[in-house]
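Enquirer:
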Ligand SMILES: C[S@@+](CC[C@H](N)C(=O)[O-])C[C@H]1O[C@@H](n2cnc3c(N)ncnc32)[C@H](O)[C@@H]1O
């Protein structure tokens, strides 16, 4: 899939208000396991495919430096409006930067697969929810390669993935990304710890709509392989 198509599907979802993945509260996985992710006072935290996640503000309020990448400008604008935060912008050759004046929250509007990795720098922490599972299968290897290139030597990477059996009506996003697949993708440089599995109720309206009988949300912690 070309860059335009990759982003257009998401732009349409934002335009039509079809953002059912968006949560109004901070993620339960962050509340439960954030301490394992944020092991120091002022971490550089990366949030790929960040949407308008309220988790961004949670990291910011915790005193961390937060960097998100989101392709759809509407999402970034909605984030700043809903969080009642002001911002300044900068035009870059590879995207547009929206940031708070204190430089502690930086949201890059661009295709993640086109970022300038030197400009982003290295990250102590990565929060990946609705991100790896949102990427097309064809782009998965590029996504993982990019993410690995952004990790500081002593990184902590918290990953929340969906696990289910796809059917002819629904195969995502969120795509089925079981821990075995995460091991295949990241295992060369990361060790993986299973932290939690939350099972969605089979009466969950989304599962009923998708014709999916069982879905687990698995939270994994990736750290450097010794
Ligand atoms: C499923 S949503 C998850 C958003 C966020 N992580 C959350 O948990 O609320 C995926 C987001 O990634 C954005 N996106 C998809 N492909 C992208 C790409 N290649 N580069 C940057 N953003 C992308 C979409 O616009 C959408 O906001």
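Residue numbers (my numbering): 342 to 567.
Idealized CB from N, CA, C, for every residue including glycine.
The structure displayed is predicted, hence computed values, not measured ones.
1. Using 8 Å as the Cβ pair cut-off and three pairs as the minimum, do the segment 420 to 440 and the segment 461 to 474 touch?
2. Hey, quick one: how far does the alpha helix (DSSP H) through residue 421 stretch, first residue to last?
3. What residues match up with residue 565 in a beta bridge as DSSP calls it?
4. Once you ignore the five residues that flank residue 378 on each side, which residues in its own chain have a CB closer than 6 Å to its CB?
5. Relative to the C-alpha of residue 356, which residue among 417, 444, 516 and 562 is closest?
6. Given that a residue counts as buried once 16 or more other Cβ atoms are within 10 Å of its Cβ, and exposed if not, what is residue 503?
7. So, using beta-carbon positions, are residue 335 and residue 472 closer together than 8 Å?
8. State the start and end residues of the unbroken beta strand (DSSP E) segment that holds residue 465.
9. Taking one C-beta from the segment 372 to 387 and one from the segment 401 to 413 each time, how about it: are there three or more such pairs within less than 8 Å?
10. Going by the DSSP bridge assignment, what does residue 385 pair with across the sheet?
11. Check this for me: beta carbons of residue 536 and residue 564, under 8 Å apart or not?
12. Starting from residue 485 and walking both ways along the alpha helix (DSSP H), at which residues does that stretch end?
13. Could you give the first and the last residue of the continuous alpha helix (DSSP H) run that contains residue 461?
14. For a quick check, are the C-beta atoms of residue 393 and residue 419 less than 8 Å apart?
15. So what's residue 498 in DSSP terms, helix, strand or just coil?
16. Going by DSSP, which residues form a beta bridge with residue 454?
17. When you measure from the CB of residue 481 to every non-hydrogen atom of ligand 1, does any distance come out below 7 Å?
18. From the DSSP output, which residues share a beta bridge with residue 575?
19. How big is the Cα-Cα spacing for residue 451 and residue 380?
Expert: In short, the structure shows the following:
1. No, the segment 420 to 440 is not in contact with the segment 461 to 474.
2. Here the alpha helix (DSSP H) through residue 421 covers 414 to 423.
3. The partner list for residue 565 (beta bridge, DSSP) reads 531.
4. Cβ neighbours of residue 378 beyond the five flanking positions: 466, 497 and 499.
5. The residue with the shortest Cα to Cα distance from residue 356 is 417.
6. Label assigned to residue 503: buried.
7. With the chain covering only 342 through 567, there is no way to say anything about residue 335.
8. Residue 465 -> beta strand (DSSP E) spans 464 to 470.
9. Yes: the two stretches touch, three or more of their Cβ pairs being nearer than 8 Å.
10. The partner list for residue 385 (beta bridge, DSSP) reads 406.
11. The answer is no: Cβ separation not under 8 Å.
12. Where residue 485 is concerned, the enclosing alpha helix (DSSP H) stretches over 481 to 490.
13. Where residue 461 is concerned, the enclosing alpha helix (DSSP H) stretches over 458 to 461.
14. Inclusion of residue 393 and residue 419 in the CB contact set at 8 Å is warranted, their separation being smaller than that value.
15. It is a strand residue.
16. Answer by DSSP bridge pairing: none, since residue 454 is not bridged.
17. No.
18. Nothing can be reported for residue 575, as the shown portion of the chain is limited to 342 through 567.
19. Per the coordinates, the alpha-carbon of residue 451 lies some 29 Å from the alpha-carbon of residue 380.
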